[in-house]
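Novice:
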Amino acid sequence: MSRETLVEMTRNLVAHGAAGTMEYAEDVVRIPARSYTDPELFELEKQRIFRRLPLMVAPSCELPNPGDYKAMDICGVPLLLSRQKDGSVGAFLNMCTHRGNPLASGTGNASRFTCGYHGWTFKADGALLGVASPQDFGRVDKAALCLKRFPVHESAGLIWVILDPASRLNIADYLCGYDGLLAAFGFEHWTLFSQRTLAGPNWKTAYDGYLDFYHLPVLHANTFGADFYNRANYFAFGPHQRLSTPSKFAIKVQGEDDQQLDLEAMSDAELPEEVLVQGVWTIFPHISIASFYGGGQRGAMISQLFPGETVGESYTTQYYVMENQPETPEQVEAAQDQFNFLEVVVRDEDYATGKRQHQALQSGLLDEVLFGRNEKGGQVFHQWVERLTHASDEELIAIFAAEQRQAAE
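Going by the working numbering, the sequence shown opens with residue 27, and the numbers climb by one from there.
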């Protein structure tokens, strides 16, 4: 079913490419400029979006082995991920149940976590293993003092967590079948080549750029080129969107050679998997996945965006994952060159522009910003942000149960 849907989307792109057309939104949409600059709205979004909705917290290949762990802080919530012996992933509040001290930092491999404050020890599954000097501390029910668990879901080689232990939102419903399409990448078999974190502007300002091909030949004229495409068709699955340029051609990289494919002349069965997943895949509210090649091998940059401390700040972790681990020094160098190039594009062009844009908007002298008919992705994104920020917990469950039913039809 997922390949059938991918082929259908590809045929849509081919038809529009052959006709020199694209799909448009119904009208130009106006967004209040204050939605980017209002500190109170920013805090509300952190609580209602980032601390209530499923977040893609790690690619599976970041935690490939039992015992692998990762500690991170998201909007003030300390999170601990741990790969269990059975291969599943546990997601815990990274706080000792004695006094709340974080148990782990960074990444590593461990079968247990010992608090550096008083020495309480927990198993990798969150169970309290031992209380230091129990004869002095007093009697406690260790089963009632396990690490607090968060809802977690692993699919398509990606890991999602809801930062609310009491959440009843079904993560599979939230994904609206989108993970079934993302499975075509095969990320569960890929490897993590490198990663880094970049500082960015307001989180919505930053995310707008991932949903927009319109800017590519202008802002990125010196990197991608002034003749780069600026059109995109959008495919929505609930709040998640794929955007790809309408074209009847695709480039297939084979070693050092690029091969142009005429997709119009190919049968559905002949369409390569990497062609079917071309473009940019966004996972609401903070993930972008784009395919690239380095050293003649398939790779993808997974950009993971989070709000920062203030309304004008965000941070993005860029994961460069590859279908195969580069083996020769030449392959490693080529993959690193590709990753470094993408850092320049995002840091020095996208995010530098976003920071200037945010500073200008803070003047308060522009009432609205515009999203054109050719910027459907940004329109849809802001509509979902507005809708979900103001939805109750019960409404969230109903919204995504309905979206999942629709996706299954």
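For glycine and all other residues, C-beta sits at the position ideal for the given N, C-alpha and C.
Is there contact here, the stretch 191-208 with the stretch 285-295, by at least three beta-carbon pairs under 8 Å?
Specialist: No, the stretch 191-208 is not in contact with the stretch 285-295.
Novice: Quick check: the stretch 57-70 against the stretch 157-173, are there 3 or more CB pairs under 8 Å?
Specialist: Touching, no.
Novice: Give the DSSP-derived three-state secondary structure of residue 319 in the structure shown.
Specialist: By 1-based counting over the sequence shown, the position of residue 319 is 293. Strand.
Novice: For residue 96, count neighbouring Cβ atoms within 10 angstroms of its own Cβ and tell me buried if that reaches 16, exposed if not.
Specialist: If you number the sequence shown from 1, residue 96 lands on position 70. With 16 or more other Cβ atoms within 10 Å, it is buried.
Novice: When we look at the beta-carbon of residue 259 and count the other beta-carbons within 10 Å, is it buried (16 or more) or exposed?
Specialist: Start at 1 with the first residue of the sequence shown, and residue 259 comes out as number 233. By the neighbour-count rule (16 or more Cβ atoms within 10 Å), residue 259 is buried.
Novice: Count Cβ pairs between the stretch 136-143 and the stretch 119-127 that sit closer than 8 Å; are there 3 or more?
Specialist: Touching, per the Cβ criterion.
Novice: So, with DSSP's three-state summary, where would you put residue 197?
Specialist: Numbered from 1 along the sequence shown, position 171 holds the residue referred to as residue 197. Residue 197: helix per DSSP, three-state reduction.
Novice: Alpha carbons only, please: which of 434, 429 and 424 is nearest the one belonging to residue 194?
Specialist: As a first step, residue 194 must be located in the sequence shown, where it is residue number 168. If we check each option's Cα against that of residue 194, 424 comes out closest.
Novice: Inspect the CB distances between the stretch 330-343 and the stretch 237-245 and report whether three or more fall short of 8 Å.
Specialist: Result no; under three Cβ-Cβ pairs closer than 8 Å.
Novice: Shortest alpha-carbon distance to residue 384 belongs to which of 67, 339 and 157?
Specialist: In the sequence shown, the residue the question calls residue 384 occupies position 358. The residue with the shortest Cα to Cα distance from residue 384 is 339.
Novice: Comparing alpha-carbon positions, which option in 146, 93, 109 and 264 lies nearest residue 127?
Specialist: Against the sequence shown, residue 127 aligns to sequence position 101. Considering only alpha carbons, the answer is 146.
Novice: For residue 238, I'd like the list of residues in its chain whose CB is within less than 7 Å of its CB, leaving aside the five on either flank, ordered along the chain.
Specialist: Taking the first residue of the sequence shown as position 1, residue 238 is located at position 212. Excluding positions up to five away in sequence, the list reads 401, 403 and 404.
Novice: Check whether the stretch 357-369 and the stretch 315-330 are in contact - that is, three or more C-beta pairs closer than 8 Å.
Specialist: Verdict: yes, contact present.
Novice: Between the stretch 183-194 and the stretch 77-96, can you find at least three pairs of beta-carbon atoms closer than 8 Å?
Specialist: Judged by Cβ distances under 8 Å, the stretch 77-96 makes contact with the stretch 183-194, as three or more pairs qualify.
Novice: Which residues in the same chain have their Cβ closer than 7 Å to the Cβ of residue 299, if we skip the five residues on either side of it in sequence?
Specialist: As a position in the sequence shown, residue 299 is number 273, starting the count at 1. 210, listed in sequence order.
Novice: Could you say which of 323, 203, 350 and 107 lies nearest to residue 284 if we only look at CA atoms?
Specialist: Counting from one through the sequence shown, the residue named residue 284 turns up at place 258. Among 323, 203, 350 and 107, the Cα nearest to that of residue 284 belongs to 323.
Novice: By the three-class DSSP mapping on this structure, what secondary structure does residue 340 have?
Specialist: Along the sequence shown, one-based indexing puts residue 340 at 314. Strand.
Novice: Alpha carbon to alpha carbon, how far is residue 429 from residue 223?
Specialist: Sequence index remark: in the sequence shown, residue 429 carries index 403 (1-based). Sequence index remark: in the sequence shown, residue 223 carries index 197 (1-based). Those two C-alpha atoms are separated by around 33 Å.
Novice: Am I right that residue 268 and residue 216 are in contact with their C-beta atoms under 8 Å? What's the rounded C-beta distance?
Specialist: Taking the first residue of the sequence shown as 1, we reach residue 268 at position 242. Taking the first residue of the sequence shown as 1, we reach residue 216 at position 190. That belief does not hold up - the Cβ atoms of residue 268 and residue 216 are roughly 19 Å apart, past 8 Å.
Novice: If we count the other Cβ atoms within 10 Å of its Cβ and call it buried at 16 or more, is residue 347 buried or exposed?
Specialist: The sequence position of residue 347 within the sequence shown is 321, counting from 1. It counts as buried.
Novice: Suppose the cutoff is 7 Å on Cβ atoms and the five residues either side in sequence are ignored; what does the same chain contact list for residue 28 look like?
Specialist: Counting from 1 along the sequence shown, the entry for residue 28 is found at position 2. So the list reads 206, 207, 209 and 210, once near-sequence residues are dropped.
Novice: Taking only the alpha-carbon atoms, compute the straight-line gap between residue 264 and residue 232 and give it to the nearest angstrom.
Specialist: Here the question's residue 264 lines up with position 238 in the sequence shown. Here the question's residue 232 lines up with position 206 in the sequence shown. About 21 Å.
Novice: How would you call residue 107, buried or exposed, if buried means at least 16 neighbouring beta carbons within 10 angstroms?
Specialist: Here residue 107 is taken as the residue at index 81 of the sequence shown, counted from 1. With 16 or more Cβ atoms within 10 Å of its Cβ, residue 107 is classed as buried.
Novice: Using CA coordinates, which residue listed in 36, 148, 406 and 360 is at the minimum distance from residue 50?
Specialist: Locating residue 50 in the sequence shown gives position 24, counting from the first residue. Looking at the Cα atoms, 406 is the closest of the given residues.
Novice: Give the C-beta separation of residue 39 and residue 270 to the nearest angstrom, bearing in mind that I take them to be a contact with Cβ-Cβ under 8 Å.
Specialist: For the purposes of this step, residue 39 is identified with residue 13 of the sequence shown, where counting begins at 1. For the purposes of this step, residue 270 is identified with residue 244 of the sequence shown, where counting begins at 1. Going by Cβ atoms, the distance from residue 39 to residue 270 rounds to 6 Å, so yes, they are a contact pair.
Novice: Quick one, are the C-beta atoms of residue 226 and residue 341 less than 8 Å apart?
Specialist: Along the sequence shown, read from residue 1 onward, the residue named residue 226 stands at position 200. Along the sequence shown, read from residue 1 onward, the residue named residue 341 stands at position 315. Contact: yes.
Novice: For residue 133 and residue 398, I'd like the C-alpha separation in whole angstroms.
Specialist: Counting from one through the sequence shown, the residue named residue 133 turns up at place 107. Counting from one through the sequence shown, the residue named residue 398 turns up at place 372. Going by the C-alpha atoms only, they are around 43 Å apart.
Novice: Taking only runs that begin and end inside the stretch 213-300, name each unbroken beta strand (DSSP E) of 3 or more residues, in chain order.
Specialist: Fully enclosed beta strand (DSSP E) runs of 3 or longer: 217-226, 259-263, 266-270, 275-280 and 283-288.
Novice: From which residue to which residue does the alpha helix (DSSP H) around residue 89 run?
Specialist: Numbered from its first residue, the sequence shown carries residue 89 at position 63. Where residue 89 is concerned, there is no enclosing alpha helix (DSSP H), given that its DSSP letter is neither H nor E.
Novice: Taking its Cβ as the centre, do 16 or more other Cβ atoms sit within 10 Å of residue 277, making it buried, or is it exposed?
Specialist: Locating residue 277 in the sequence shown gives position 251, counting from the first residue. Looking at its Cβ environment, which holds fewer than 16 other Cβ atoms inside 10 Å, residue 277 is exposed.
Novice: Sort out for me which residues DSSP pairs residue 143 with in a bridge.
Specialist: As a first step, residue 143 is located in the sequence shown; it is residue number 117 there, counting from the start. Paired residues: none, contrary to the question.
Novice: Looking at residue 113: is its Cβ nearer than 8 Å to the Cβ of residue 434?
Specialist: The count along the sequence shown starts at 1 and reaches residue 113 at position 87. The count along the sequence shown starts at 1 and reaches residue 434 at position 408. Cβ atoms of residue 113 and residue 434: not closer than 8 Å.
Novice: Under a Cβ-count criterion, where at least 16 other Cβ atoms within 10 Å of its own Cβ denotes burial, should residue 370 be classed as buried or exposed?
Specialist: Translated into positions along the sequence shown, residue 370 becomes position 344. By the neighbour-count rule (16 or more Cβ atoms within 10 Å), residue 370 is not buried but exposed.
Novice: Once DSSP output is grouped into helix, strand and coil, what is the label at residue 407?
Specialist: Within the sequence shown, the letter at position 381 stands for residue 407. Note: residue 407 maps to helix in three-state DSSP.
Novice: Out of 221, 111 and 326, which one is the CA nearest neighbour of residue 343?
Specialist: Taking the sequence shown and counting its residues from 1, one reaches residue 343 at position 317. Checked all of 221, 111 and 326; the closest Cα to residue 343 is 221.
Novice: Put residue 99 into one of helix, strand or coil per three-state DSSP.
Specialist: By 1-based counting over the sequence shown, the position of residue 99 is 73. Strand at residue 99.
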